[in-house]
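Asks: Going by the UniProt record's numbering, the residue at position 22 of the sequence shown is 22; the numbering climbs one at a time, nothing skipped.
Backbone N, C-alpha and C fix where the C-beta goes; we use that ideal spot for every residue, glycine too.
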Amino acid sequence: MPQNRPIQGYDVSVSVMGPNGPELVGEWQECDINITSETEEYHETNSRSPILLDGDIKFDGKLKRGYLNTNIVATTLGTNTIQPGVAIPATPRFTISCYINAPDKGLVGRYRLTGVKFEKLAIAIKAGKTVVDNDLSFKAEGIIED
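#1: Within its chain, find whatever has a CB closer than 7 Å to the CB of Glu-119; leave out the 5 residues flanking it on each side and keep chain order.
#2: Here's a check: name, in chain order, each residue in its chain whose Cβ is nearer than 6 Å to the Cβ of Asp-60, leaving out the five neighbours to either side.
#3: Taking only the alpha-carbon atoms, compute the straight-line gap between Val-131 and Arg-65 and give it to the nearest angstrom.
#4: List the endpoints of the continuous beta strand (DSSP E) containing Thr-39.
#5: Suppose you measure from the CA of Val-14 to the CA of Arg-112; what does that come to, to the nearest Å?
#6: If you draw a straight line from the alpha carbon of Gly-115 to that of Glu-141, how long is it in whole angstroms?
#7: Report the option in Ala-124, Thr-81, Asp-133 and Cys-98 whose CA atom is closest to the CA atom of Gly-9.
#8: Using three-state DSSP, classify Ile-96 as helix, strand or coil.
#9: Just the C-alpha distance for Gly-85 and Gly-18, rounded to the nearest angstrom, thanks.
#10: If you follow the beta strand (DSSP E) that Val-86 is part of, which residue opens it and which one closes it?
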């Protein structure tokens with residue numbers, strides 16, 4: 001019988017698939033997913049009160065973890081050299097899958113973000129014993145909940 005308890009970090013995992021299979025391998029510490037359903041206002045003639053219409057639906061978010069991949073620029077941007085005068089290829093697209101596996105709590109499922117393009121790579125290099133942080137901000141073309 002399912003328990004009425006929230007899922008925890010132990011119950012979830014995240015993977016990233018690229019054009020050539022698994023990419024950015026490692027344990028992701030966080031995956032933030034934002035879904036924005038925009039609203040368009042439509043004003044009828046002589047009306048000051050708008051009718052609300054459905055607008056665009058947009059998906060974005062961020063992956064966060066400790067830095068594990070020194071080839072991160074080439075992986076996310078499709079090239080390891082970005083300079084004036086050097087042709088830059090189209091950036092690769094990815095699929096991010098977030099798995100929820102807590103059958104004892106009655107919660108099993110997956111969110112798949114498709115057509116993911118990484119927009120911002122943030123690497124925080126710090127002195128001492130702290131872990132170097134690696135954050136990837138992204139936008140996605142779609143989401144599948146199964």
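Replies: To lay it out plainly:
#1: Ser-137, Phe-138 and Lys-139
#2: Asn-34 and Lys-139
#3: 9 Å
#4: 30-42
#5: 10 Å
#6: Gly-115 and Glu-141 have their C-alpha atoms some 5 Å from each other.
#7: Out of Ala-124, Thr-81, Asp-133 and Cys-98, Cys-98 has the C-alpha closest to the C-alpha of Gly-9.
#8: Secondary structure of Ile-96 (DSSP, three-state): strand.
#9: 27 Å
#10: Val-86 -> no beta strand (DSSP E), and no H or E assigned at all.
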